[in-house]
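A.B. asks: Residue numbers (this note's numbering): 164 to 493. Where is the CB? At the ideal position from N, CA and C, for every residue including glycine.
1) Given a threshold of 16 other Cβ atoms within 10 Å of its Cβ, counted over all protein chains shown, does residue 515 qualify as buried or as exposed?
2) Nearest CA to the CA of residue 170: which residue from 189, 312, 372 and 398?
3) For residue 481 and residue 379, I'd like the C-alpha separation in whole angstroms.
4) Could I get the ranges of all uninterrupted alpha helix (DSSP H) runs contained in the segment 195 to 256, with 4 residues as the minimum, in chain order?
5) Ends of the alpha helix (DSSP H) at residue 467?
6) Give a yes or no on whether the C-beta atoms belonging to residue 326 and residue 254 are separated by under 8 Å.
7) Using 8 Å as the cut-off, can you tell me whether the segment 447 to 457 makes contact with the segment 412 to 430, which would need three or more C-beta pairs spanning the two stretches below that distance?
8) Do you know whose CA, among 248, 231, 234 and 228, lies nearest residue 221's CA?
9) As a quick exercise: from 401, 425 and 398, pick the residue whose alpha carbon is nearest that of residue 411.
10) With DSSP run on the structure shown, which of helix, strand or coil describes residue 383?
11) Count the other CB atoms within 10 Å of the CB of residue 314; is the residue buried (16 or more) or exposed (fewer)?
12) Can the beta-carbon of residue 389 be found closer than 8 Å to that of residue 486?
13) I need the straight-line Cα distance from residue 462 to residue 400, nearest angstrom please.
14) To the nearest angstrom, how far is the alpha carbon of residue 198 from that of residue 318?
15) Report the three-state DSSP secondary structure of residue 347 (helix, strand or coil).
16) Which of helix, strand or coil does DSSP assign to residue 172?
17) Just tell me which of 166, 173, 215 and 328 has its CA closest to the CA of residue 228.
18) Let's see if you can read the secondary structure: which residues bound the beta strand (DSSP E) around residue 326?
19) Taking the Cβ atom as the reference point for each residue, do residue 260 and residue 334 lie within a distance shorter than 8 Å?
20) Residues in its own chain within less than 8 Å of residue 298 by CB, not counting five upstream and five downstream?
21) Using the C-alpha atoms, what's the distance from residue 386 back to residue 442?
22) Which two residues bound the contiguous alpha helix (DSSP H) that contains residue 269?
23) Residue 459 by DSSP, collapsed to three states: which one?
24) Let me know if residue 415 comes out buried or exposed under the rule of 16 or more other beta-carbons within 10 Å of its beta-carbon.
25) Straight-line CA distance for residue 168 to residue 348?
26) To the nearest angstrom, how far is it from the Cα of residue 405 to the Cα of residue 445?
27) Taking 8 Å as the cut-off, does the segment 336 to 343 touch the segment 263 to 273 (at least 3 CB pairs, one atom from each stretch)?
28) If you draw a straight line from the alpha carbon of residue 477 to that of residue 376, how long is it in whole angstroms?
29) What ranges does the beta strand (DSSP E) occupy inside the segment 386 to 410, keeping only unbroken runs of at least 3 residues that lie completely in it?
30) Determine the direct distance from the alpha carbon of residue 363 to that of residue 277, and round the result to whole angstroms.
31) Starting from the C-beta of residue 176, find all residues in its chain whose C-beta is less than 6 Å away, skip the five residues before and the five after it, and write them out in chain order.
32) Which whole-angstrom value describes the C-beta separation of residue 235 and residue 284, a residue pair presumed to lie in contact below a C-beta threshold of 8 Å?
33) How about residue 184 and residue 211: are their beta carbons less than 8 Å apart?
Below, the structure is given as C-alpha cells:
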C-alpha cells in the first residue's frame with residue numbers, strides 16, 4: 164500500500180473542463196477522472212492534458228464492449244502521447260441491460276471477454292511500439308491480424324499505459340490481480356469488504372501471474388456526506404441514504420451486505436424496489452448501515468475522514484471538487 168493519493172472528477176467535455184482541471188492541479192490533487200454516463204469519457208482528457216502539467220488523468224470507467232479494442236487502444240495511445248505519459252485507461256463491463264438495450268451489444272461471458280479486451284489492447288500497443296513483429300491476436304471474442312504502416316501510429320515515449328478495471332464480482336477482482344495495474348472499487352464498498360474479500364481475490368489473481376498484489380493500485384470513490392451548514396449536511400445525508408438503498412436493492416451488490424450480516428436487508432430492499440417503494444427503501448437504511456458505506460465529515464475534515472476510512476485499503480481516493488478549498492487548503 165502506497166501513500167494515499169487524492170483525486171477528483173472532471174466534467175464531460177464542456178467550457179468548464181479545462182478550468183476544473185487547472186483548478187484541480189492548482190489545489191494539489193494528484194489525479195482527475197472522467198465518468199462515462201451520458202457523455203464520452205475520453206474527450207475531456209484532451210483538455211486535461213492540454214491545460215495541466217502534473218496530474219494524472221483517467222477514465223472511471225470506459226465501457227469495454229461498446230467499442231472495438233482497436234479503437235480504445237488508439238485513443239489511449241493518443242492520450243498517453245499528448246499527456247506525456249500521465250494517462251490511465253480505466254475499463255469496465257457495465258451490466259447486461261445497458262449493453263443489450265442501450266448499446267445493442269451482445270452480452271456474453273463478460274469476465275473472459277474483458278480479459279481479451281485487456282490482452283488485445285496490450286498486444287496492439289506492443290505493435291504500435293514496435294515490440295511485436297506483427298498484429299496477431301486470436302481469442303474467442305476478438306481477433307486482430309491486419310496492421311499496415313499507414314494505420315500504425317508508431318512508438319511513443321511512454322508506452323506502458325496503466326490499465327485499471329472496475330470490479331465487483333470475484334472473476335473481475337481476480338482478473339485485476341492477474342493482469343491489471345489498478346482496480347476501481349464500487350462506491351458501495353465497505354472497508355471490511357475491501358479488506359476481507361477484495362484484497363483476498365486480488366491476491367489470488369496475482370498469485371496466478373506470480374505478481375505482488377501490491378502492484379495493483381486500489382481506487383476508491385466513496386459516497387460522501389458533507390455540507391457547509393447542518394441543514395445542508397442533513398439534506399445530503401438523506402440523499403445518500405436513498406442511494407445506499409438503491410445499491411443495496413441490487414442483487415449484484417448483496418455480497419457486500421452479506422459480509423456484515425445484512426443479508427435480509429438486501430432481500431427486503433430488492434422486494435421493495437420491484438414495487439418502486441423508494442421512500443420505504445430509504446427507511447430501512449439505518450444510520451449504522453449508512454455510516455458503513457459513506458465518508459461523513461465537514462468540508463474541512465473531509466480529507467482526514469477519507470484517509471481514516473481507507474487507511475490500508477486504497478491507494479487513491481476520489482473526493483468532490485465542490486468543497487476542495489476547505490479540505491485541500493484548509
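C.D. replies: Per the coordinate set shown:
1) Not covered by the structure: residue 515. The range shown for the chain is 164 to 493.
2) Selection 189, 312, 372 and 398 evaluated against residue 170 yields 189 as nearest (Cα-Cα).
3) Residue 481 and residue 379 have their C-alpha atoms roughly 17 Å apart.
4) Counting whole runs of 4 or more residues, the segment 195 to 256 contains the alpha helix (DSSP H) stretches 207 to 214 and 232 to 245.
5) Unbroken alpha helix (DSSP H) run through residue 467: 465 to 473.
6) Yes, these two residues count as a Cβ contact at 8 Å.
7) Flag = yes, the segment 447 to 457 and the segment 412 to 430 touch.
8) When each option's Cα is compared against that of residue 221, the closest is 248.
9) Nearest to residue 411 by alpha-carbon distance, out of 401, 425 and 398, is 425.
10) Here residue 383 sits in strand by DSSP.
11) Around the beta carbon of residue 314, fewer than 16 other beta carbons lie within 10 angstroms, which makes this residue exposed.
12) Taking C-beta atoms as the reference points, residue 389 and residue 486 count as a pair closer than 8 Å.
13) Taking the straight line joining both Cα atoms gives about 14 Å.
14) Computed Cα separation, rounded: 28 Å.
15) In the three-state reduction of the DSSP assignment, residue 347 falls in the strand class, which pools E and B.
16) Strand at residue 172.
17) Residue 228 has its Cα closest to that of 328, out of 166, 173, 215 and 328.
18) Start and end: 326 to 330.
19) One thing to note: residue 260 has its Cβ no nearer than 8 Å to the Cβ of residue 334.
20) Excluding sequence neighbours, residue 298 sits near 286, 287, 290, 307, 308, 309 and 310.
21) Approximately 19 Å, taken between the alpha carbons.
22) For residue 269, there is no enclosing alpha helix (DSSP H), as DSSP marks it with neither H nor E.
23) Three-state result, residue 459: strand.
24) Its Cβ having fewer than 16 others within 10 Å, residue 415 is exposed.
25) Across the structure, residue 168 and residue 348 are spaced so that their CA atoms are roughly 15 Å apart.
26) Cα to Cα, the separation comes out at about 5 Å.
27) Taking 8 Å as the limit for Cβ pairs, the verdict is that the segment 336 to 343 does not touch the segment 263 to 273.
28) Their backbone Cα atoms lie some 13 Å apart in a straight line.
29) Secondary structure within the segment 386 to 410: the beta strand (DSSP E) runs of 3 or more consecutive residues, fully enclosed, are 386 to 388 (chain order).
30) Approximately 20 Å between the Cα atoms of the pair.
31) In its chain, beyond the 5 residues on either side, 206 and 207 have a beta carbon closer than 6 Å to the beta carbon of residue 176.
32) About 6 Å; that satisfies the 8 Å criterion.
33) The answer is yes: Cβ separation under 8 Å.
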